[in-house]
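Asker:
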Amino acid sequence: MEQKAHLFSGPDRQAKDQKILSFKNRWLTSADALSFDFNTFYAAKLDLDAFQQSLASLPVVAEKR
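Its first residue numbered -14, the sequence shown is counted upward by one per residue in my numbering.
Below, the structure is given as structure tokens:
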């Protein structure tokens, strides 16, 4: 399985939300995956410890990140 990471940047929150929804509908088809959540980080207020902890945690339905 190909692994990808997606970064959304910019002020258009509606466009970002629509793209995230399209990803969820396309790839997250199990009941567990439907509760998928994501993290939002703002560079100006980025807490390195919180960012590293988020990257270290496992995704919803995958065995590795």
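Note that beta-carbon positions come from the ideal geometry of N, C-alpha and C, so glycine has one too.
When you compare only the Cα positions, how much space is there between Asp17 and Phe(-7)?
Answerer: For the purposes of this step, residue 17 is taken as residue 32 along the sequence shown, with counting starting at 1. For the purposes of this step, residue -7 is taken as residue 8 along the sequence shown, with counting starting at 1. Distance between the alpha carbons of Asp17 and Phe(-7): 24 Å.
Asker: Short of 6 Å in beta carbon distance, which residues of its chain neighbour Ser39, apart from the five on each side in sequence? Order them along the chain.
Answerer: Residue 39 sits at position 54 when you count from the first residue of the sequence shown. Sequence-distant Cβ neighbours of Ser39 in its own chain, meaning closer than 6 Å and more than five residues away, are Asn24.
Asker: Terminal residues of the continuous alpha helix (DSSP H) containing Leu31?
Answerer: Within the sequence shown, numbered from 1, the residue matching residue 31 stands at position 46. Here Leu31 belongs to no alpha helix (DSSP H), and DSSP marks it neither H nor E.
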